[in-house]
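*Asks:*
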Amino acid sequence: MSIVNSLSPRAVSAPESGIVEVVNYARGREGLLPLWVGEGDLPSPDFVNRAAMDALAAGETFYTYQRGIPELRQALSHYYTRHFGVSLPVDHFFVTGSGMQAIQIAVQAMTSPGDELVYLTPAWPNIAAALEIAGARSVGVQLEFEGGKWAIDLERVEAAITPKTRALFINTPSNPTGWTATKQDLAAILALARKHDVWIMADEIYARYYYPGGRAPSFLDVTDAEDKVMFVNSFSKNWSMTGWRVGWIVAPPQTGQVLENLIQYSTSGVAQFMQKGAVAALNDGDAFVQANIDKARRSRDILCDALIATNRVETLKPDGALYAFLKIDGVTDSRKAAIDIVDKTGVGLAPGAAFGPGGDLFLRACFLRDPAQIKIAADRLCDYVLKL
């Protein structure tokens, strides 16, 4: 028996990220325009860095609260009042070591081995992988795609629910498709969850990136206090803090001890000096976030308008999130196409095959970058498309 085969079968079967595969293939190339991962081109803002450095210099390097420091949980409460119009006391908030860990904690809280979770595809691949590693089963329901637009079929979602289903995972605005649920969609999904007595894991990380204006519809707009809804989120996208690995959960207070225990037995909490940076992001970062949103809107328009004008790319400008999900005429193998595109154009895209059922024919481009860079990327991609 090989050393690898002596490991846990669930660990061994964890898939390699199709996104990371392409990143590793071309990382560091001269002149590369990297649109493959979900982050912008700005480093964390100085006011965030300074708050963390001041806390580090002050010796805030000891064990701290498992649920998050009180100052950060209070800042999260104020943030939700400002941007979501809800009053949530601090006992709803739990600080995690990234949005990814927030999902892992929620998966552990909601499911046992053999249980099922229904999610919408194409989807960020980490949710299905996290579930399978935990011993549960992911059940994908494809969004419908027609004329460049994505839509949910609620009858298909309900048909996927079985006695083993413990939760629905709903990411809106969606990575990678940009699909954004309406308030009516969310109310209908919530009605399904109530009917079948299952949890909703709501990933609303892109709620502020909503191009019609304001923020995207949220489950907070339709839920009652007794509803079984757990929100997972991250500081990564809004405040250009992808490398910090700090996230949070919003959950019913009754779940508090369970979530605290799961945090304790995974990371034992997030470093206090990092949490002080997160406090600064929430309290002082609204203008920075709005600048990121405005930049994303401009870059979205540049990229999508150029590609649509070729008449060889099927897509529409997404209402939300940070991604153009592109269907290029003649592309039947998105992994092969992503490699070919980076070789011939120096533009890094993520292969749609990495996002599960329904994504095979697509490529994803993150447009949270300087519009001038996006214009160069758009020109290179259009030249490539027109030569196919």
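To get the numbering used here, take the position in the sequence shown, counting from 1, and add 1. Just so you know, even glycine gets a beta-carbon here, dropped at the ideal spot from N, CA and C.
1) For Val158, collect the residues of the same chain with a Cβ closer than 6 Å to its Cβ; drop the 5 residues on either side in sequence, then sort them by chain order.
2) Roughly how many whole angstroms lie between the Cα atoms of Ser175 and Ala217?
3) Taking DSSP as the reference, what is the three-state secondary structure of Gly248?
4) Strictly by DSSP, which residues pair up with Lys150?
5) Give me the residue from Ile162, Tyr81, Glu145 with the minimum Cα distance to Asp154.
6) With distances taken from CA atoms, which of Met101, Asn172, Pro114, Tyr64 is nearest Leu121?
7) What runs of the alpha helix (DSSP H), each 4 residues or longer, lie entirely inside the segment 35-106?
8) Is the beta carbon of Lys165 less than 7 Å from the beta carbon of Asp198?
9) Quick one: using the 10 Å Cβ neighbour count with 16 as the cut-off for buried, is Ser14 buried or exposed?
10) In the DSSP output, what is Ile329 paired with across the bridge?
11) Give me the DSSP bridge partner(s) of Val140.
12) With three or more beta-carbon pairs closer than 8 Å as the criterion, would you say the segment 276-295 touches the segment 47-65?
13) Under the DSSP definition of a beta bridge, which residues are partnered with Asn234?
14) Going by the CB atoms, is the gap between Ala379 and Ala325 shorter than 7 Å?
15) Examine the Cβ distances between the segment 283-293 and the segment 336-350 and report whether three or more of them are shorter than 8 Å.
*Replies:* Per the coordinate set shown:
1) Val142
2) 11 Å
3) strand
4) Glu147
5) Glu145
6) Asn172
7) 47-58, 71-85
8) no
9) exposed
10) Val314
11) Val119
12) yes
13) Trp249
14) no
15) no
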